[in-house]
Every structure is written in C-alpha cells, then in structure tokens.
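I have placed the structure first, in the form of structure tokens, so that the comments after it can refer back to it.
In our numbering, the protein residues as written are 1014 to 1707.
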C-alpha cells in the first residue's frame, strides 16, 4: 500500500495468502484437464493440456524458480525488485500483445460480426455529438430514426475516440483504436485508479495486468464480435470501483477525485446495464456507513450528481426513442420450473467464472470473502453479489436481455480486491520463521507464474491463436465495394434482396454505405432486436409480386439489387426482362450477384420535381431546381421528428401509396431548404407492417 495505508488488519492470519495461492495452483492445473465452458477444448486461459504435459510443467517450473528467487533475495531486495518485475511484465506483455494485434488489424478494417455496425454508430456519434445522440439517418432505407448508439453503449467508446471521429471516418483508425485502448489505455487507467485507491506500486500493476484480460469474455465480445460499447462499460468498472473506494470509504481525495469518479461512472453507465455496477457499489457505500464523514459524503454526492447530469440525455433517449428496444429485451417468455431455473443459473455463473483470469477467480472472489480488508470487503461484496446474480440468472428470468455479459464487469470489480491481495503478497515483508518464509515465497511464485501465463494468453488472443478470432474486411469485399462505388449512380440506391446476415464479408452490412458513399436499403443491415426484424427484403407487401417489387424499387430510386440467398437469387433470375445481372463474385465461398434494374425511372432523389439533395445525419439540404415550385417530393421517409428550419418553407408527409410516406417540401421561393430532426418524447415507431429497419 502507499504511505498513507491503514494498519494491516489481517496480519495475524499470515497463512491466508499462501492458502489462496495453493488453491490457485490446484485450480490452474485442474483447468488444464477440463473442457471449456462452451465445449471448445483448449479455449481456457492457458491452453493447458492435462497437468503432466509441458505447459503445466512450465507453470510449475516458473512458480518454483520465482519462489526460490523471492526466498533468497530477502525482504528489502524483493520489495524493491518486485514492482519493477511486475511493471516489466505489464509493459512487455502489452508490447507483445500490440505487436500480435497489429499483425491482424494493421492496414485492415475489422469486419467480423458487429464491428461494422459499431463503426457505423461511431460514425454517427462523431457527426452529431454533442448536439444530438441519434436521430434521422439517411444512409440506410431512405431515412430511419436511429438511436442504437445509445442502447448498444457505442457512445462510451465514442467519447474516448471523439477527437479522431471529428477528423476521420472510423474505419481509418478503428483497428488502431482497438489496440490502443484495450491493450494499453484501459489497463493503465486501472493502474492509476488502483494507486489512487491506496494500493502500492505492486498492487496497482497487478490491477493493470488483470485489466489486460480479466475474462475470456472481453476478447470474445470486443475482439471477436466487436461489441465495444459493453466492453468499454465493463473495463471502466475497475477504475470506478477503485476511485469510489478512495473517496467514499477511505475518505481521501477532493474535487479532483470526485470529477474523475463522475467521469468513470458516466462511461460505465453509457451502456445502460452499467447502472447495475454503480448500484452494487452504492450498496457497498451504504454498508460502510460507519466510515461516513460529512466531507467524504459531500464529494460522493457531488460525483453522483455530476454523473447523473452527464447521463441524463442518454437516460432520456433510452426511455423514450429507444423504448421499443427496452420493451423487447425485457419481454417475458416461458420459464422453466424454479429448481431448473436455479440450477441453470448456477451452472451459467460457474461457467462464466471459469472464464475469468484464475487469479481474479481465486484472489478476487474467494479472497474477498476470507482475506481482504473488511472495509474493502464491504465495498465490493454487494456489487459482486448483484453482478453474479444478474450474470447467472438474468437469462432465465429475461431470456432476451443478454445480461449474462455482466459476468465481465463482475470480473473487473473482483480485480480490485485481487490486486489488493497482490499488493500485500508482493509489497509486505514475509512473516518470521523459515517455514513461513518458504510458504510466503511459494505463494509469490505461484501468483507470479499465473500472471506470466496470463500475459501469454492475452497475447495469444490478440494473435488470433485462440477461439474467437477477429475477422477483417476480406479482399473479395474490397472488390465488391469498389464495384459498387463505380457502378451504382450517386443518386441511385443499392437494395439487398432477401436476408443479409453475415454473408457479405462475415459482418453486418451497416458500415458499407460509408465505404462506398452510396445509400442502401436492407432489412437486417444489423440484426437487433431480432424479434422486431423481418429478415427479408423488400417488405413482404411488395416482394410477393413482380409488380410490387418494381413499384418499391422505382419509388425509392433503387437502381441495383444485390443478393446472396437462394430464394432472392431465384426471384431476380426469374425476371430477366426487368433485372439484368451485371456482376457476380464469390464472397466467403458464397456466390454474390448484382442486378441492374432495366427501368429504374428518373435517377434522382426527387419523387416529384427536380434539384439536388445533400443528405447527412439529422440534416437534409434541398436545392430545388425551381424555387418557385409549389411542391417537390423527396425519396426520403417521413418521420414525426422532422422539422423545417428555413423561414418561408414548409414540409409535410406525402402518401406514395397506402404504406409509404415521403417528405414533401414547399420551397416558398427559397433556393435552399434545410430540414432537421428533433427527438420527441415517444418511442420510435415501427414501419407500416409492424417491423423496424425498412
């Protein structure tokens, strides 16, 4: 601990840490003989095969060698050397991980699964923040109300990237940003926060090592799937817990600590389920009521008030425009019997804990119960119990919520007591007596060996040597984007027939308009919430007949259709009189074809009239060819939040047929009409057929 640390209340139980270290060793070796939580052999942290193989022998050899060095070095030299060794391990591991990750993302665009959709949300965030959090987005489906950046937590990562987002499109730097923040940024934030919490250099560096890879879930969700919003929230849980402990429990710090705590809590809660992390820490503050002081509580309330003020726009957006998402994920489904619910939840929680860094699982979870300082136990245990309950049983109670991912912030909160025990183990003098000194040195060796192999495992994840690799934009998709940019007219639109899912390069389509600079139309350009999307396109009302298909295409100015699914390909191939096949190529071993509409109608953004439209997020600039015209109609969807910002001009809905509503503009003599968007206190409405996205 630092110079202002309080007396060691557990010094009499010297055997606690050696016992935990022995348990850790048994646990690590046991993991090598079992299958992964998802039946993927070798997906555990260390790729340990059964204990008698080379990897486990390396673990034991590292532990034994380190223990001998610690024993013979003596307290003074050991206490001086161990922080340097831990710092070298952290920085060296980060450099090795960054080099491995750069071989994957250097010069490439992350594209697997949700990476494109999160880049799309970051692009929107960079365009709109701080004046809006979402709104009317013209890139997809001729204008949609788009607030998914809020519910997905993408804005948390967006805040960290905001200066870059104001200069470049996300794909220019997104891979480098992943490497910087997940390899370097979040771990060193953890180091600084742990140091502020009163831990010494050794303990703070342990916190940084844990933040490099607290759980395999971090790599699965951030590196493989690309859900960087939830992972930003999870990784900010450790700094939030540490700074809260400094301010609320230890009574140290003032305005600077309160400001830092408020910002960390803000970033934690920008993914809405992050409020459970702060709620658990709030319970810990209540449990530590005996340590309350007026001075400390004043700053705690100031930090909380500032965090709530910063979060207010996101909470408002979540409750009103995004209410449909909240209603969907909170939907009740059939539940099994109570005994089955308890058994499944317990099994899920156990499997999640098995994905934790072993030192967090043993020192952080078990150690919180038996070895940490009482005030730290009271601070973290309520949060650990709350997050454990959500991680284990949320899927049983609310199956669509995806809150089993709360196991990851559970690991990050547990990293604080684990780091505190590491600080005791590496920073304090060994207990007197030869046998006790050997036991203490053995504990140091076992924990250090676990940290070393943890660094190795982190590097293997970033090198794509473990299950859940990161996919980048394949060369076939680069060729496809080049073709679209050249052949689809600037005022035309590209439609995706049928389902899209991940058939176009292994990721969602959401970011493709940014790469091609062409507006597009599809149902599942990202596929959530799943139950609100039809997973077919055009909408059923228009795709059941060739007449409806053509009407829909001409109404929206779709000049080309692209398809990969057999049913969509069969429909387009069956009507060569209307659709000309102009391009075909394989993408990830699936044949993709593009068809040109032979008679698309006028290739403009105007359904009635003529002129030019400059469209971007929350902003349509209309330049009518004839400002004196009574009315022009844009091929953009009418939404209730649209407003005309040009005096003398007006906008109104225009009924194309019984389903489609476009934007009618009455220029009123203006050569330029500006249309904006204002969010309103009502949920985003579905389309005419009850589905979203089209």
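Every residue gets a Cβ at the ideal spot worked out from N, C-alpha and C, and that includes glycine.
Considering just the uninterrupted stretch of the alpha helix (DSSP H) at residue i, what are its terminal residues?
i, result
"residue 1475", "1447-1475"
"residue 1137", "1128-1141"
"residue 1117", "1088-1118"
"residue 1573", "Where residue 1573 is concerned, there is no enclosing alpha helix (DSSP H), although the beta strand (DSSP E) it sits in stretches over 1571-1576."
"residue 1546", "From DSSP, residue 1546 is part of no alpha helix (DSSP H); its letter is neither H nor E."
"residue 1637", "Premise fails: residue 1637 lies in the beta strand (DSSP E), 1632-1637, not in any alpha helix (DSSP H)."
"residue 1040", "1029-1044"
"residue 1328", "1307-1332"
"residue 1288", "1288-1300"
"residue 1210", "Per DSSP, residue 1210 belongs to no alpha helix (DSSP H) and is neither H nor E."
"residue 1596", "Per DSSP, residue 1596 belongs to no alpha helix (DSSP H); it is in the beta strand (DSSP E), 1592-1600."
"residue 1171", "1167-1178"
"residue 1500", "1488-1500"
Is it right to say residue i is buried, meaning 16 or more other beta carbons lie within 10 angstroms of its own, or is it exposed?
i, result
"residue 1287", "buried"
"residue 1120", "exposed"
"residue 1344", "exposed"
"residue 1085", "exposed"
"residue 1659", "buried"
"residue 996", "Beyond the ends of the chain as shown, which are 1014 and 1707, falls residue 996; an answer cannot be given."
"residue 1367", "buried"
"residue 1279", "buried"
"residue 1693", "exposed"
"residue 1208", "buried"
"residue 1194", "buried"
Could you name the residues of the same chain whose beta carbon sits closer than 8 Å to that of residue i, not counting the 5 residues immediately before and after it, in chain order?
i, result
"residue 1501", "1507, 1529, 1531, 1572 and 1573"
"residue 1332", "1339"
"residue 1052", "In this prediction, residue 1052 scores a pLDDT of 47, lower than 50, which makes its location untrustworthy; the coordinate-derived value is nonetheless stated afterwards. None."
"residue 1383", "1029 and 1033"
"residue 1600", "1487, 1489, 1490, 1493, 1516, 1517, 1518 and 1577"
"residue 1614", "1567 and 1570"
Here's a check: name, in chain order, each residue in its chain whose Cβ is nearer than 6 Å to the Cβ of residue i, leaving out the five neighbours to either side.
i, result
"residue 1157", "1150"
"residue 1496", "1596"
"residue 1684", "1640"
"residue 1060", "Residue placement at residue 1060 is flagged as unreliable, the pLDDT there being 47, under the threshold of 50; the coordinate-derived value follows with that caveat. If we look at residue 1060 and ignore the five residues flanking it on each side, it has no Cβ neighbours."
Once you ignore the five residues that flank residue i on each side, which residues in its own chain have a CB closer than 7 Å to its CB?
i, result
"residue 1588", "1559"
"residue 1115", "1192"
"residue 1624", "1635, 1636, 1637, 1638 and 1645"
"residue 1393", "1254, 1297, 1381, 1426, 1429 and 1430"
"residue 1273", "1256"
"residue 1027", "1444 and 1449"
"residue 1233", "1481"
"residue 1471", "1106, 1110, 1225 and 1226"
"residue 1016", "Note that residue 1016 scores a pLDDT of 38, beneath 50, so its modelled location is shaky and nothing firm can be said."
"residue 1673", "1568"
"residue 1477", "1117 and 1483"
"residue 1581", "1510 and 1511"
Spell out whether any CB of chain C is found under 7 Å from the CB atom of residue i.
i, result
"residue 1128", "No chain C appears in the structure shown, which is made up of a single protein chain."
Just to check my reading of the structure: residue i and residue j have Cβ atoms closer than 8 Å, yes? What is that Cβ distance to the nearest angstrom?
i, j, result
"residue 1301", "residue 1391", "5 Å"
"residue 1153", "residue 1534", "7 Å"
"residue 1348", "residue 1409", "7 Å"
"residue 1458", "residue 1215", "About 15 Å; that fails the 8 Å criterion."
"residue 1264", "residue 1316", "With a Cβ gap of about 14 Å, residue 1264 and residue 1316 do not count as contacting."
"residue 1679", "residue 1662", "6 Å"
"residue 1290", "residue 1400", "7 Å"
"residue 1079", "residue 1169", "Residue 1079 to residue 1169, Cβ: 38 Å. No contact."
According to the Cβ coordinates, are residue i and residue j closer than 7 Å?
i, j, result
"residue 1436", "residue 1212", "yes"
"residue 1539", "residue 1523", "yes"
"residue 977", "residue 1606", "No answer is possible for residue 977: it lies beyond the span of the chain, which begins at 1014 and ends at 1707."
"residue 1714", "residue 1137", "There is no way to answer for residue 1714, as the model of the chain reaches only from 1014 to 1707."
"residue 1335", "residue 1164", "yes"
"residue 1241", "residue 1235", "yes"
"residue 1284", "residue 1243", "yes"
"residue 1250", "residue 1395", "no"
"residue 1433", "residue 1389", "yes"
"residue 1239", "residue 1370", "no"
"residue 1631", "residue 1690", "yes"
"residue 1275", "residue 1319", "yes"
"residue 1405", "residue 1362", "yes"
"residue 1184", "residue 1117", "no"
"residue 1675", "residue 1608", "no"
"residue 1171", "residue 1135", "yes"
Along the beta strand (DSSP E) that carries residue i, what are the first and last residues, could you check?
i, result
"residue 1337", "Unbroken run through residue 1337 is the alpha helix (DSSP H), 1336-1342; no beta strand (DSSP E)."
"residue 1533", "1532-1534"
"residue 1622", "Run containing residue 1622: none; DSSP gives neither H nor E here."
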